[in-house]
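Student:
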Amino acid sequence: MTKLKDNDVFHKLKGLDPVLHDTVLSIYEELVQIRRDFRKHPELSFQEYRTASIVGDYLRRWGYDVEEEVGDTGVIGLLQGEEEGKVFGLRADMDALPMNDEIEQDYKSINEGAAHTCGHDMHMANLLGVAKVFSILGLKKGTLKLIFQPAEEIGVGAKRMIDQGALENPKMDMMAGLHVHPTVGVGKFSISASTYSGAAADFFQLDVHGKGGHAAYPHLTVDPVTITSQILVAFQQIVSRKVNPIDSAVISVGNINGGTKNNIIPEKVTVKGTVRTLDPEVRELVSSHMKKIASSIAESYGGSCDLQYNYGPPSIKIDEDAKQLFIESAIELFGKETIKYSQPSMGGEDFSSFSQEVPSFFFRLGTNSGKSTAYSNHNPKFNVDERALLYGVTILTHLTDKFLNKEAF
Ligand SMILES: [Zn+2]
Ligand SMILES: [Zn+2]
Numbered sequence: 001m002t003k004l005k006d007n008d009v010f011h012k013l014k015g016l017d018p019v020l021h022d023t024v025l026s027i028y029e030e031l032v033q034i035r036r037d038f039r040k041h042p043e044l045s046f047q048e049y050r051t052a053s054i055v056g057d058y059l060r061r062w063g064y065d066v067e068e069e070v071g072d073t074g075v076i077g078l079l080q081g082e083e084e085g086k087v088f089g090l091r092a093d094m095d096a097l098p099m100n101d102e103i104e105q106d107y108k109s110i111n112e113g114a115a116h117t118c119g120h121d122m123h124m125a126n127l128l129g130v131a132k133v134f135s136i137l138g139l140k141k142g143t144l145k146l147i148f149q150p151a152e153e154i155g156v157g158a159k160r161m162i163d164q165g166a167l168e169n170p171k172m173d174m175m176a177g178l179h180v181h182p183t184v185g186v187g188k189f190s191i192s193a194s195t196y197s198g199a200a201a202d203f204f205q206l207d208v209h210g211k212g213g214h215a216a217y218p219h220l221t222v223d224p225v226t227i228t229s230q231i232l233v234a235f236q237q238i239v240s241r242k243v244n245p246i247d248s249a250v251i252s253v254g255n256i257n258g259g260t261k262n263n264i265i266p267e268k269v270t271v272k273g274t275v276r277t278l279d280p281e282v283r284e285l286v287s288s289h290m291k292k293i294a295s296s297i298a299e300s301y302g303g304s305c306d307l308q309y310n311y312g313p314p315s316i317k318i319d320e321d322a323k324q325l326f327i328e329s330a331i332e333l334f335g336k337e338t339i340k341y342s343q344p345s346m347g348g349e350d351f352s353s354f355s356q357e358v359p360s361f362f363f364r365l366g367t368n369s370g371k372s373t374a375y376s377n378h379n380p381k382f383n384v385d386e387r388a389l390l391y392g393v394t395i396l397t398h399l400t401d402k403f404l405n406k407e408a409f
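Here UniProt numbering is used: position 387 in the sequence shown is 387, and no number is missing along the way.
(1) Let's test the definition: count the other Cβ atoms within 10 Å of the Cβ of His11 and tell me whether it reaches 16, buried, or not, exposed.
(2) In three-state DSSP terms, what is Arg364?
(3) Our contact map puts residue 466 next to Val87 with C-beta atoms below 8 angstroms; I'd like the distance itself, whole angstroms only.
(4) When the distance is taken between beta carbons, is His123 closer than 8 angstroms to Ala92?
(5) Judging by CA-CA distance, which residue of Ala125, Arg39, Leu178 is the nearest neighbour of Thr117?
(6) Work out the CA separation of Ala125 and Ile35 for me, nearest whole Å.
(7) On the premise that Ile231 lies in contact with Val250, defined as a C-beta separation below 8 angstroms, what is that separation, rounded to the nearest angstrom?
(8) Is it buried or exposed for Asn383, if we count other Cβ within 10 angstroms and need 16 for buried?
(9) Using the C-alpha atoms, what's the distance from Ser229 back to Lys171?
(10) Is it buried or exposed, Lys371, if we count other Cβ atoms within 10 angstroms and call 16 or more buried?
(11) With Gly185 as the anchor, note down where its beta strand (DSSP E) starts and where it stops.
(12) If you check the beta carbons only, do Tyr196 and Lys323 fall under 8 angstroms apart?
(13) Are there 16 or more other CB atoms within 10 angstroms of the CB of Leu325, so buried, or fewer, so exposed?
(14) Measuring from the CB of Gly157, is there a heavy atom of ligand 2 at a distance below 7 angstroms?
(15) Starting from the N-terminal side, write out each stretch of the beta strand (DSSP E) that is 3 residues or longer and does not extend beyond the region 317-343.
(16) Is the beta carbon of Glu43 within less than 7 angstroms of some heavy atom of ligand 2?
(17) Confirm the yes/no value for this check: CB of residue 411, any heavy atom of ligand 1, distance under 7 angstroms.
(18) For Ala294, which residues in the same chain have their Cβ closer than 7 angstroms to its Cβ, ignoring the five residues on either side in sequence?
(19) What is the DSSP secondary structure of Phe203, reduced to helix, strand or coil?
(20) Is there at least one non-hydrogen atom of ligand 4 closer than 7 angstroms to the beta-carbon of Asn379?
(21) Thinking residue 472 and Ile191 are a contact (beta carbons under 8 angstroms), I'd like their distance in whole angstroms, please.
(22) At a threshold of 7 angstroms, does Glu48 count as lining ligand 1 (C-beta to nearest heavy atom)?
(23) Please go through the UniProt domain "Peptidase M20 dimerisation" (204-300) and give each complete alpha helix (DSSP H) segment of 4 or more residues, from N-terminal end onward.
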């Protein structure tokens, strides 16, 4: 996978800036080694100590000012251009998933119960690639701010970095982020056709309280099991009858717990689930109807309920100027057939916390070139075609350059 063949398509891409092209090719092998080292030594959310120190060391070596422990284990690298100008930010996440790695490669995880099966190793290698290209070619104008974020998988790392000052000193004028994806071919980029790219990912716990008793005499009890069943069916009516069909919402229950035995009506049933929405107004509509419906159904049967609704990261908001700049960059470098337009994902991605504060763009970087790279993110066999690094580094570098040198913004 690592060695580039002489006839690899990247060698002969038309329209590509030849200096950028050759520079990216010259560091490809090094980036592959960096990526494999991260894959071999994954670390879970907020435990990215080795990872963060490696990132910091590379950035310092390549002439960046480095700030560490932002958001506990996050790292920020800053490169000042020769001339003053705007600030462009790029973000990669660093954490691995709590699962075992099942790839058959010598760079398989050596840390039991931790695996880079979401591809955050690739995200870091991409950003370090951009860092290295600018350290070789220099940055003429403006400032590049590279943000290496912890704990994306638990949805709080971006927020933690923001709370600890990541948006200040200097403030960013525009930002971009990416995720590697097995549904997109290597050499291609998937971008959302909508204003949103990823969903707000909220979690809830519903406790339905009744009055327990013998299952043969239900009239003497308040049965939280039947009440819960009605509430869960009614929740789906929020999606089908309250949300505008043009908008999107998902209410899914992943866990129901209540009772001990066939003939005992329990005192309580607990339900755990998640809500996914794109539009903030739909998000509010869904959560307020869930509360109303759950309590009115419970009360109408003599029971009661508590709905604990926890707001997770918001949806990823796409800035139209940033999107246009990305599209222009991709077309200039690789031609328009390289862009694939897709529906926004209902998955959560906490880059969204940055996108609420800074005009941002988010895209999927294609990593699929056959069976071994077709496993979905979070599958124990997830792996990538590493040639995606060539495309990721090239586009992010070009995008940065274009933004920092464009007068219109
Ligand atoms: Zn993930
Ligand atoms: Zn991920």
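Beta carbons are placed, not taken as given, at the ideal position from N, Cα and C, and that holds for glycine.
Tutor: According to the structure data:
(1) By the beta-carbon neighbour count (other beta carbons within 10 angstroms, threshold 16), His11 is exposed.
(2) In the structure shown, Arg364 sits in a strand (DSSP, three-state: E or B).
(3) For residue 466 there is no data in the structure shown, the boundaries of the chain being 1 and 409.
(4) Result yes, Cβ atoms of Ala92 and His123 sit closer than 8 angstroms.
(5) Among Ala125, Arg39, Leu178, the Cα nearest to that of Thr117 belongs to Arg39.
(6) In the sequence on display, residue 35 carries Arg and not Ile. Arg35 and Ala125 have their C-alpha atoms spaced approximately 5 angstroms apart.
(7) 17 angstroms between Cβ atoms; not a contact.
(8) Asn383 counts as buried, since no fewer than 16 other beta carbons sit within 10 angstroms of its beta carbon.
(9) Their backbone Cα atoms lie some 49 angstroms apart in a straight line.
(10) Exposed, since its Cβ has fewer than 16 Cβ neighbours within 10 Å.
(11) Gly185 -> beta strand (DSSP E) spans 174-185.
(12) Cβ atoms of Tyr196 and Lys323: not closer than 8 angstroms.
(13) Leu325 comes out buried.
(14) Gly157 Cβ: outside cutoff for every heavy atom of ligand 2.
(15) Fully enclosed beta strand (DSSP E) runs of 3 or longer: 339-342.
(16) The answer is no for Glu43.
(17) Summary: the structure shown does not reach residue 411, with the chain confined to residues 1 through 409, and so no result is reported for it.
(18) Non-local beta-carbon contacts of Ala294 in its own chain, meaning distances under 7 angstroms to residues more than five positions away in sequence, involve Leu206, Ile231, Cys305, Leu307 in chain order.
(19) Phe203: strand per DSSP, three-state reduction.
(20) Among the ligands in the structure shown, ligand 4 does not appear; only ligand 1 and ligand 2 can be found there.
(21) Only positions 1 to 409 of the chain appear in the structure, and residue 472 is not among them; the question remains open.
(22) Result no, Cβ not under 7 angstroms from ligand 1.
(23) Complete alpha helix (DSSP H) runs here, min 4: 224-237, 280-300.
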